[in-house]
Structure formats: structure tokens, C-alpha cells
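Working notes, beginning with the structure itself.
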Amino acid sequence: MSQMSTMLEKVMTTLRTPGETRKFLTGAGSVFILQIIGVAAAFAMQAFLARMMTQKAFGDYSFAYNQARLLAYFGTVGLTLSVLKFIPDYLASKDWARLRGTIRAFSIITVAASSVLAIAAIIIFAIFPPSDVDQLTLNIGLLLTPLIALTALYVEMLRSMGSIVKAYGPLNVGQNVLMIVFAGAFTIVSGGLMNVQAITLLGLVLLLIAIYQIVMILRGLPPMSRGVKPAYDIGTWVRVSLPMLLIRGFQVIMERVDIVVIGFMLGAVEVGIYNVASRGANLLSFSLSAVSAITAPRMSPLYNEGRLEELERIVKRAALFSLAISGMFFLGLLIFSTFLLSIFGEVYIIGRNTMMILAVGQLVNAFAGQGGYLLHLTGHQNISGRIYFVSMVMNIVLNIVLIPIYGYEGAALGTAFTAIVQNVWIYIEIRRRLGINPLPLPFG
Numbered sequence: 006m007s008q009m010s011t012m013l014e015k016v017m018t019t020l021r022t023p024g025e026t027r028k029f030l031t032g033a034g035s036v037f038i039l040q041i042i043g044v045a046a047a048f049a050m051q052a053f054l055a056r057m058m059t060q061k062a063f064g065d066y067s068f069a070y071n072q073a074r075l076l077a078y079f080g081t082v083g084l085t086l087s088v089l090k091f092i093p094d095y096l097a098s099k100d101w102a103r104l105r106g107t108i109r110a111f112s113i114i115t116v117a118a119s120s121v122l123a124i125a126a127i128i129i130f131a132i133f134p135p136s137d138v139d140q141l142t143l144n145i146g147l148l149l150t151p152l153i154a155l156t157a158l159y160v161e162m163l164r165s166m167g168s169i170v171k172a173y174g175p176l177n178v179g180q181n182v183l184m185i186v187f188a189g190a191f192t193i194v195s196g197g198l199m200n201v202q203a204i205t206l207l208g209l210v211l212l213l214i215a216i217y218q219i220v221m222i223l224r225g226l227p228p229m230s231r232g233v234k235p236a237y238d239i240g241t242w243v244r245v246s247l248p249m250l251l252i253r254g255f256q257v258i259m260e261r262v263d264i265v266v267i268g269f270m271l272g273a274v275e276v277g278i279y280n281v282a283s284r285g286a287n288l289l290s291f292s293l294s295a296v297s298a299i300t301a302p303r304m305s306p307l308y309n310e311g312r313l314e315e316l317e318r319i320v321k322r323a324a325l326f327s328l329a330i331s332g333m334f335f336l337g338l339l340i341f342s343t344f345l346l347s348i349f350g351e352v353y354i355i356g357r358n359t360m361m362i363l364a365v366g367q368l369v370n371a372f373a374g375q376g377g378y379l380l381h382l383t384g385h386q387n388i389s390g391r392i393y394f395v396s397m398v399m400n401i402v403l404n405i406v407l408i409p410i411y412g413y414e415g416a417a418l419g420t421a422f423t424a425i426v427q428n429v430w431i432y433i434e435i436r437r438r439l440g441i442n443p444l445p446l447p448f449g
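Following our numbering, the numbering of the sequence shown begins with 6 at its first residue and continues without gaps.
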């Protein structure tokens with residue numbers, strides 16, 4: 006009985022500061038609402054495309070878009086993480102020259118790096134074409150890599166400036182709504198929608214979003230920064246961004262390797278089914294994204310100031326919020342999974358087991374909370390990088406081994422198992438190196 010009382014006392018400790026909790030819930034709630042709207046819009050867009058296109062054409066589109074997104078994450082060369090450090094620092098110190106230099110240099114570097122990757126990928130896929138995937142659709146998708154990378158960078162710039170709605174609204178909601186409008190208009194005018202047209206329309210949407218984002222970034226700068234000549238601290242930027250690139254790269258490969266291996270081993274139809282299933286499982290992930298948008302920028306300052314109790318309280322609160330929301334969505338998937346998949350078309354119901362396996366992995370991520378951010382934003386990025394590298398290799402090996410045996414369900418099993426191993430390892434390292442318990446429960 007005394008142990009139960011102690012456990013309840015520890016749980017309540019995470020919610021004892023009403024003002025702080027209210028501030029956290031307000032910020033996380035704003036992102037959470039945007040995530041809900043964004044997920045609804047994404048489902049509507051995916052369902053619309055799946056019904057307007059043939060199953061093969063939708064698979065081609067999904068494969069091309071996923072390859073471009075994979076390259077785009079590498080094309081940002083770690084800047085989407087390091088910008089969360091530099092822009093808040095420059096705003097706080099009123100270093101307007103480096104602030105403007107960061108915006109300009111990071112944009113140029115992102116476009117240049119992602120363009121090189123896109124061209125290289127087009128050449129590689131021409132030499133080693135994937136099984137049963139339309140090459141023209143794939144090439145057009147790969148050419149969108151710089152736009153995808155740039156919009157991702159601008160999301161983090163706006164986020165680091167405190168413009169949460171402007172950061173998440175255009176890409177989470179605007180992209181999907183515009184795709185529905187443009188694809189619908191094209192279908193009405195032409196009488197149909199094919200893979201090449203869909204991926205081209207996506208490029209137009211991304212271009213409009215990128216233009217909007219940079220306008221919002223420039224408008225959001227303090228008035229005293231206008232007209233200041235940009236300054237460039239390349240050495241510092243590279244030193245911080247390079248480890249972040251490796252970490253983010255390992256994360257992205259783990260997120261996308263299943264789609265890639267399925268595309269090579271099985272084909273476009275299976276990619277489409279798996280893509281829809283993963284969309285459903287990803288419903289569990291946006292609560293984690295919502296809380297990280299608020300908590301991640303606070304971790305480094307609290308750690309540097311030695312305020313570990315406050316840091317622990319914040320990450321526990323974030324994990325508790327994330328787990329509660331993700332748990333509700335998990336139960337919802339269990340009950341309504343067949344109906345949810347049928348929205349995309351009857352042929353996608355076969356992916357139910359795949360979706361639920363992936364959902365288990367997402368639930369583990371929600372339970373583990375902010376562990377990944379906590380390591381690499383408190384100076385332990387080398388440890389974090391090691392964990393993600395080993396997890397990436399494990400995920401690749403498991404996918405290659407399991408997909409030939411179990412099909413796309415094998416990919417889901419490999420991905421979910423990797424998530425469990427990775428989060429256990431992160432928890433052990435946090436306890437060992439920071440001495441805090443990041444879990445939403447009091448044990449540990």
C-alpha cells in the first residue's frame with residue numbers, strides 16, 4: 006500500500022505546477038490540434054488519391070514520394086535539428102547578423118545538398134531500377150527532393166522563432182488540402198488522374214508552401230534585424246550540424262527503409278498497401294510530435310543550468326500526455342481498423358494486421374517519450390548517434406530477412422521490434438548519464 010502511495014505521489018509531482026502545466030498544455034494543445042487537422046487532411050488526401058487512381062498508379066506515387074522524402078532528410082544535412090539551437094541563441098543574444106546569416110546559408114546549403122542527392126538517386130535508379138515501379142514518376146518525385154528539404158527546414162526555422170501555427174499549419178494541413186483541391190480540379194478537367202500528374206501536382210503545392218514559409222520567416226524577424234548584413238559562422242555550424250545529420254539520417258532510414266525494401270522486393274501494389282497501413286499507425290505519433298515541439302527547445306537550457314529536477318518533470322509530463330493520447334488512438338485502431346482502411350478502398354483492408362503491428366511500435370515510442378531528444382540535446386549526441394546507427398542496421402537486416410518470408414507484415418514486425426530495442430537502450434543511457442527517469446510512470 007505504501008508503495009502504491011509513493012507511486013501516485015511521484016505521478017502527481019509531474020503535474021504540481023499549475024502555471025507551468027497550463028503553459029505546456031496550451032502550447033502542446035495548439036500543435037496537437039494542428040496535428041489532428043493535419044492527420045484528417047492527410048487521410049482525406051490519401052483516400053482521395055487512392056480512389057481516383059489505379060492501385061498501381063497510387064503505388065508508383067507513394068514509392069516516388071517516399072524516396073524523395075528519404076533523400077530530403079539527408080539533404081538538410083542536420084540543419085533541421087541544429088537550427089533549433091542557433092536561431093533561439095541568436096534571438097536571445099540579439100546577434101542579428103548571424104541570425105540572418107543562418108537563414109540564408111542554411112537555405113542555400115539545403116537546396117544544394119538535396120539537389121546533388123536527387124541527381125545521384127536518379128542515376129542510381131536508372132542503373133538499378135526497382136521492381137514494377139514507373140520510372141518517370143520516380144524521377145519526377147526525386148526532382149522534388151530540394152523542395153521537400155527546404156519546406157522541412159523552414160518548419161524548424163519558424164518553430165525556433167516561436168511561430169508554432171505558421172510552422173506546422175502549411176505543411177501539416179495546407180499541403181494536403183491543396184493536393185485535394187488541385188488533384189480534384191485536374192480530375193474534373195481531364196477525366197482522370199495518373200501517377201505522373203499526381204506527383205507533378207505535389208511539386209506545385211510544395212513550391213507554393215515554400216514561398217509562403219520564407220515570407221513568414223522574413224516577416225517574423227525583429228524590426229532591428231532588418232538591413233543588417235548577414236554574418237556566417239560556418240565552423241560552429243558544421244561542428245554542431247554534422248553529428249545531428251548522422252542522427253537524423255539514421256532516424257529517417259529507419260522510418261523509410263521498410264517502404265524501400267518492399268518496393269524492391271515486392272512491387273508498387275504492396276508499397277501502396279503498406280503505405281496506407283503505416284498512415285493509420287502514424288495516428289499514434291502526432292501526440293509525440295506535439296509535445297516535442299514545446300519541450301525540445303527547453304531541454305538544453307535546463308540541462309546546462311543544472312535544473313535536472315525541472316527537466317525530469319517536463320519530460321515526464323510530456324511523456325504522460327503523449328502516452329494518454331496515443332493509447333486512446335491505439336484502442337480506436339483496434340476497434341475501427343477495418344473501417345479506417347476501407348476509406349482508402351476495399352483492397353487496402355488486407356493491411357489491417359500490418360497497421361496494428363506498426364501501431365505497437367508507435368505506442369512504445371509514445372511511452373518512451375522524449376528520450377531521443379533528451380540525449381542529443383544535452384551533449385550526448387555521440388551516444389544517441391550510436392544507438393540510432395545500431396537500430397538502423399538492425400531494422401535493415403530484419404526487413405531484408407523478414408519481408409521474403411512474411412511479406413509487408415514482415416516489414417512491420419522488423420520496424421516494431423527495432424523501436425522496442427531502441428527505446429529500451431535510450432532509457433538505459435538516460436538513467437546512466439543524466440540520472441533522471443523520462444518515463445511517464447514513477448518506476449525506474
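For every residue, glycine included, the Cβ atom is placed at its ideal position computed from N, Cα and C.
- DSSP places Ser120 within a helical segment (H, G or I) once states are collapsed to three.
- Boundaries for Phe133: no alpha helix (DSSP H) harbours it, and the DSSP string shows neither H nor E there.
- Within the model, the alpha-carbon separation for Ala295 versus Gly374 is close to 11 Å.
- Distances from the CA of Ala203 to each of Ser389, Phe349, Ile92, Phe53 were compared; the closest alpha carbon is that of Phe53.
- Of the residues Leu143, Ser290, Leu223, Arg322, the one whose Cα lies closest to the Cα of Pro443 is Arg322.
- With the rule of 3 Cβ pairs closer than 8 Å, the region 129-148 counts as touching the region 264-276.
- Between the region 118-138 and the region 45-60, the count of C-beta pairs closer than 8 Å stays below three; the two stretches do not touch.
- Ranked by Cα distance from Lys234, the options Glu317, Asp100, Val320 are led by Asp100.
- With fewer than 16 other beta carbons inside 10 angstroms of its own, Ile193 counts as exposed.
- Under the three-state reduction of DSSP output, Ile441 falls in the coil class, being neither helix nor strand.
- Residue burial is scored here from C-beta neighbours: Phe344 has fewer than 16 other C-beta atoms within 10 angstroms and is therefore classed as exposed.
- For a cut-off of 8 Å, the C-beta gap from Val210 to Phe191 is around 12 Å, too long to register as a contact.
- For secondary structure counted as the alpha helix (DSSP H) over 4 or more consecutive residues, the region 395-436 holds no complete run.
- Boundaries of the alpha helix (DSSP H) harbouring Ala298: 291-309, taken from the DSSP string.
- For Ser168, the secondary structure class from DSSP, reduced to helix, strand or coil, is coil.
- Runs of alpha helix (DSSP H) with 4 or more residues, each lying fully within the region 327-396, are found at 357-373, 376-381, listed in chain order.
- With 16 or more other Cβ atoms inside 10 Å of its own Cβ, Val44 counts as buried.
- Boundaries of the alpha helix (DSSP H) around Gly146: 140-148.
- For the pair Ala298 and Leu363, the CB atoms are not nearer than the 9 Å cut-off.
- The DSSP-derived three-state label of Gly189 is helix.
- Looking only at Leu213, Ala73, Asn370, Ile219, the smallest Cα-Cα distance to Leu149 is reached by Ala73.
- The C-beta distance from Leu89 to Ala301 rounds to 6 Å, short enough to meet the 8 Å contact threshold.
- Within a 10 Å sphere around the beta-carbon of Phe37 sit 16 or more other beta-carbons, which makes this residue buried.
- DSSP places Thr115 in the helix class (H, G or I) of the three-state scheme.
- When rounded, the separation of the alpha-carbon atoms in Ala417 and Thr359 is 6 Å.
- In this structure the region 63-83 touches the region 151-166; the number of beta carbon pairs closer than 8 Å is three or more.
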